[in-house]
Amino acid sequence: METKNETVSGNRAVIPLLPTYKRICTLKRFFLLFVLSIMMVKALGQISQADTSRVYMLVNLAKEKQQQGSADSAEFYFKEAGKLAQRLAFDKGMLQYAGHYCVFLYQEVRYNEALAMAKKQLAISLKLKDLPRAAAAYNNMALQYQALGEMQRASEMLMSALNILSDIDRPTRQDSSFLRKYYNNLSSLLLDMNDLAKGLRYAIKSYQIAEELQDSAGIGSSLVNMLVAEAMSGKLADAEKHCLELLALGRSLTDPPMQLRALINLADIYCRQKRYEVALLTYDKAQALLAKAPPGNEVYILAGLSTVYKNMKRYGEADTYFSKALALAENELAKPQQMELLLSGAEIKEATGSYREALDLRKQYEQLSDSLLNSETHHTIQELEVKYQASEKQKALVERDLKISKQQRELERKNKWIILSILAMVILGVFFIFSRFINKLKRKAEASRQESRLLEAKLRGEEEERARTARELHDGVASILSAAKLHLGMELVNEPKTEGNDVNRLLESALKEIRNISHNLAPEAVLEEGFAYAIEEFCRRVRSSSLELNCYVIGTLPKFKKDDELLLYRMIQEAVANMVKHSEATEGIVQLVATENRLAITIEDNGVGFDVGGSKSKGLGLKNLLSRTQLLKGVCEIQSTPNKGTSIYIEVSATEVAESKKMRGRKEVIA
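Numbering (numbering that gives the first Met the number 0), first residue to last: 0 to 670.
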């Protein structure tokens, strides 16, 4: 206090020299500390600025990895950006991270996680009073709710986004780009609600804005909803035109996801046009692009293939692809598209006779349909749309649409139970008719088997009788003629005569003819030397000066049972006999061609031919030929024209013959 009193007294002229020096040093130290403080604050600011810039750098790096298809790397950099922004309490960086990470999660079909991130994006944008970003957050929330099947919430969020943009007095290019996206998303929502006219209208609005902005990617996105609305409305020519335009745009931009989306929709359009083979080829092209696109596209291809095969009535293949699509649907398919898949699956199961599974799928479809397309959701969406259109001075048009939609809903509600009742009756009727049809087929199959058994028994009897006759000719008549020839030869040695030589030649001719008859009746060559040799030997015996009959064997013939080889021998014998007796031919061929386990037989001649459909054809032994072919489960085609020769084609499979014999054998044992 004393010092202070002294200071206050004001005796400045008598202050000693040493205290003045100390004061100067104190001032210097204060100045030095001030400068150091400024430098530290500046350094800290530079460090903070570098850290916040790193947040943006990590987000951009994550986006690059996402575009390259490296999902794991992209997610790693997104999370690093989020952690850094949170540690720095950097709201703008957190907003940037939340928005782009939400888009990434949506493309990865992780809707619940994307919804949580969109809510965070909304909270930060409202805190910063960034209305365009808030609109983007509402839009992102709408997308997730739509994918999760909460259509009412989706419409509320989307209308909130549109209302925010409507309040902007001087919209920027980015605002217009956002408006285009929201129109396009509203179109998608309305299409999922089966409101095709409005869906197409908003898709066209989105397309027009994209053209004004010269936004190629936006044009592609808008084209998707336009062509989907046209396809669902039955305007398939317009839909195909826009789809091809989308495909060309995707190729020019080198955008595999856009190309994949175009190919999937183009295949669906071809299916609706009943150009099923083209649709299958288009789905093959789409599958080749799966590796270059985000997840969630394979299920659309599998579901589309299932629909194509269902329409082609190839229900087994349709069921296979449906099962694969259903396994992916819960995790990769949005709720509205799951509804379409369930309905298609119910139809496939019904076609394959799996009525219980068909009923279960239809129940799931009805439950999902009621939850997505209920009247309350329709009503809410219509109300929100009315409010928005009123702000754009289009209230009268929207109210008219609302009235029409309400009338449609009332009509659908009234017809729903009627349709279900009719469907149940149809299913019962189909089941009854199908049961009768199956029983009829069983009776027909049993009659066919009985006819085959009778024919086999008849043929066995004929073969036994032929063998017996052949033995009698060989052992009886042939032996007598041989003895007569021997005696005659001995007499001619003692007393040669011209008449005796003639008789000897006649006996030789008779013996040869009897041997031929014996071989034809009982062709031991089939059992001993092999089928091919037997046919060649038969053709050699038939060949004469008036008929040049050639035999060709191509390839190694498949192995048949001896009974089946004998049956084939008789068929060729029957066909050649008809040639000799009726055709008046001078040339003929018998050709055997082997391919794997199948045998193709061709018998042709240059004879007078006949009318295959006429009465004469029934008396040429062709009925026996067809019966024997049927017994071997083969095919027989006869082509003939008067004065142009005859061609008989027979084809049998060693495997089918063996299986047929095996089945008939089992049936006989059971009986």
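Note that beta-carbon positions come from the ideal geometry of N, C-alpha and C, so glycine has one too.
Host alpha helix (DSSP H) of residue i (start-end)
i, result
"N224", "S215 to M231"
"I203", "L195 to L212"
"L87", "From DSSP, L87 is part of no alpha helix (DSSP H); its letter is neither H nor E."
"T672", "Absent from the model: residue 672. The displayed extent of the chain is 0 to 670, so no value can be given."
"E573", "K561 to N577"
"D283", "Y275 to Q286"
"N642", "Here N642 belongs to no alpha helix (DSSP H), and DSSP marks it neither H nor E."
"R132", "L130 to A146"
"G249", "L235 to S251"
"K126", "Y110 to K126"
C-beta atoms of residue i and residue j nearer than 8 angstroms
i, j, result
"G608", "T628", "no"
"Q66", "F103", "no"
"K284", "L301", "no"
"L341", "L327", "no"
"Q143", "A122", "no"
"M140", "M158", "no"
"Y308", "T351", "no"
"A317", "S305", "yes"
"Y110", "A146", "yes"
"I719", "I600", "The chain is shown only over 0 to 670; residue 719 falls outside these bounds and no answer can be derived."
"L598", "V552", "no"
"L94", "Q120", "yes"
"S602", "A574", "Looking at the sequence shown, residue 602 is not Ser but Ile. Yes. Within cutoff."
"A202", "A228", "yes"
"F77", "A61", "yes"
"L189", "K180", "no"
"M338", "L358", "no"
"N138", "N183", "no"
"M281", "L265", "A small fix is needed here, since residue 281 is Thr in this sequence, not Met. Going by C-beta atoms, T281 is nearer than 8 angstroms to L265."
"L222", "L245", "yes"
"G148", "K334", "yes"
Closer than 8 angstroms to chain E by CB, residue i
i, result
"Q272", "Of the chains in the structure shown, none is chain E; there is only one protein chain."
DSSP three-state assignment for residue i, whether helix, strand or coil
i, result
"T51", "helix"
"E346", "helix"
"V58", "helix"
"S652", "strand"
"A261", "helix"
"T171", "coil"
"V102", "helix"
"S368", "helix"
"A292", "coil"
"Q629", "helix"
"R412", "helix"
"G68", "coil"
"K21", "Because the pLDDT of K21 is 46, which lies under 50, any placement of that residue in the model is unreliable, and the number read from its coordinates should be weighed accordingly. Helix, per DSSP."
"R271", "helix"
"P256", "helix"
"T351", "coil"
"F609", "coil"
"P335", "helix"
"M150", "helix"
"R313", "coil"
"L556", "coil"
"S544", "coil"
"I46", "In this prediction, I46 has a pLDDT of 42, which is less than 50 and means its spatial position is unreliable; what the coordinates show is noted afterwards. Helix."
"D318", "helix"
"D721", "Residue 721 lies beyond the residue range present for the chain, which begins at 0 and ends at 670; the question has no answer from this structure."
Terminal residues of the beta strand (DSSP E) in which residue i lies
i, result
"L591", "E586 to T594"
"I534", "Premise fails: I534 lies in the alpha helix (DSSP H), F530 to V541, not in any beta strand (DSSP E)."
"L548", "E547 to I553"
"A599", "R597 to D604"
"E636", "V634 to S639"
Inter-residue CB distance, residue i and residue j (contact presumed, cutoff 8 angstroms)
i, j, result
"V58", "Y105", "That belief does not hold up - the Cβ atoms of V58 and Y105 are roughly 16 angstroms apart, past 8 angstroms."
"P294", "E107", "6 angstroms"
"D562", "L631", "Rounded, the Cβ-Cβ distance is 10 angstroms, inconsistent with contact."
"L130", "D90", "Actually they do not touch by this definition, with Cβ atoms about 15 angstroms apart."
Any non-hydrogen atom of the ligand SAM within 7 angstroms of residue i CB
i, result
"L546", "The model on display carries no ligand, and the ligand SAM is accordingly not part of it."
### Query
How do the stretch 589-600 and the stretch 527-542 stand: do at least 3 beta-carbon pairs fall below 8 angstroms, yes or no?
yes
### Query
Quick one: any contact between the stretch 186-197 and the stretch 159-173, if contact means 3 or more CB pairs under 8 angstroms?
no
### Message
I want to know whether the stretch 266-274 touches the stretch 219-236 - three or more CB-CB distances under 8 angstroms.
### Response
yes
### Query
Should the stretch 318-334 be called in touch with the stretch 167-184, which here means at least 3 C-beta pairs below 8 angstroms?
Contact between the stretch 318-334 and the stretch 167-184 is absent, because fewer than three Cβ pairs lie under 8 angstroms.
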